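Some notes on the structure that comes next.
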Amino acid sequence: MKRDRRQTLANLLAVGLGGATLGAPGRARAEGMRMATISGDEHFMRMALAEAAEADLPFGAVIVGDGKVLARGRNLGKTTNDPTAHGEMVAIRRFVAERPASELKGTTLYTSGEPCPMCMGAIVWCGIGRVVFAASIDELATKIGQIMLTSRAVADAAPFASIALTGGVLSAEALALFSK
Ligand SMILES: [Zn+2]
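Heads up: the sequence shown at position 9 corresponds to 12 in this note's numbering, and the numbers run straight through without jumps.
Given below as structure tokens:
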């Protein structure tokens, strides 16, 4: 019994060491891929969520181009006495305050909540190439009033624009901000 256990332990160790030795390059590659995924959408979504956590209403956004954050925004409706100061609008306004609007073309906007029709309209007019959102309008509507029109519906109504949409990235964390 004792011996069997020792043998099992020895086998486990051998497997572990063997794996570490033989599998190191493969594991490094796998780790690199995992990091690439995390450093992609989730990485930037966490920044949008951090903005949302500081906002008047828990909505935040970041605009990213060439892997760099170019502008950040959070809902400032109350602070600025401006009901249009949604996270996405604030990020866009900050972007164009510092850079030519033409540089918005092809950027990616990360937002903690699916863009409302106002923000999605602005995103279309700005030529933003991709939108990644956390909570969907359906999910947000369980927390706060929403205009029940999806960002996809707005994008599809603008045949001149081509916008890639990705939803559901860290949506549970975005929704949890409403409970704080
Ligand atoms: Zn909006």
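Even for Gly, the Cβ is constructed at its ideal location relative to N, Cα and C.
These numbers come from a predicted model, not from an experiment.
* Below 7 Å CB to CB, which residues in the same chain sit around M48 once its five sequence neighbours on both sides are set aside? => If we look at M48 and ignore the five residues flanking it on each side, its Cβ neighbours are Y113, V135, A137, V172, L173.
* Asked: Quick one: what does DSSP say G124 is sitting in, helix, strand or coil?
  -> Here G124 sits in helix by DSSP.
* May I have all residues whose beta carbon comes closer than 6 Å to any heavy atom of ligand 1, sorted in chain order? => Answer in sequence order: H89, E91, P118, C119, M121, C122.
* **8 Å Cβ shell around A167 - same chain, five flanking residues per side excluded** => Only residues of its own chain outside the window of five on either side were considered, and among them G132, R133, V134 have a CB closer than 8 Å to the CB of A167, listed in chain order.
* To do: Indicate, with yes or no, if ligand 2 has a heavy atom lying under 8 Å from the CB of F163.
  => For ligand 2, the structure offers nothing, since it holds only ligand 1.
* Residues near F181 in its chain [Cβ-Cβ closer than 8 Å; skip 5 each side] -> Around F181, the same chain offers P61, K146, I147 as residues with beta carbons nearer than 8 Å, after the five sequence neighbours per side are excluded.
* **Among G80, E117, S165, L73, nearest to A100 - alpha-carbon criterion** => Here the closest residue by C-alpha is L73.
* Three-state class that DSSP yields for V18 in the structure shown -> Residue placement at V18 cannot be trusted, given a pLDDT of 39 that sits under 50; what the coordinates show is reported in the next sentence. Three-state result, V18: helix.
* Closest by CA to V67, which one among P118, D44, K81? -> Ranking P118, D44, K81 by Cα distance to V67 puts D44 first.
* Hey, how far is the Cα of A88 from the Cα of T169? -> Put simply, the backbone Cα of A88 is about 23 Å away from that of T169.
* Less than 9 Å separating the beta-carbons of G195 and V93? -> What is shown of the chain runs 4 to 183, which leaves residue 195 out entirely.
* To do: Output the boundary residues of the beta strand (DSSP E) element that contains I66.
  => Looking at the DSSP string, the run of the beta strand (DSSP E) that includes I66 is 63–68.
* Look at the Cβ atom of N78, then the Cβ atom of A58, and state whether they are nearer than 9 Å. => Contact flag set, yes.
* Asked: Since G90 contacts A56 with CB under 8 Å, what's their CB separation in whole angstroms?
  -> Actually they do not touch by this definition, with Cβ atoms about 11 Å apart.
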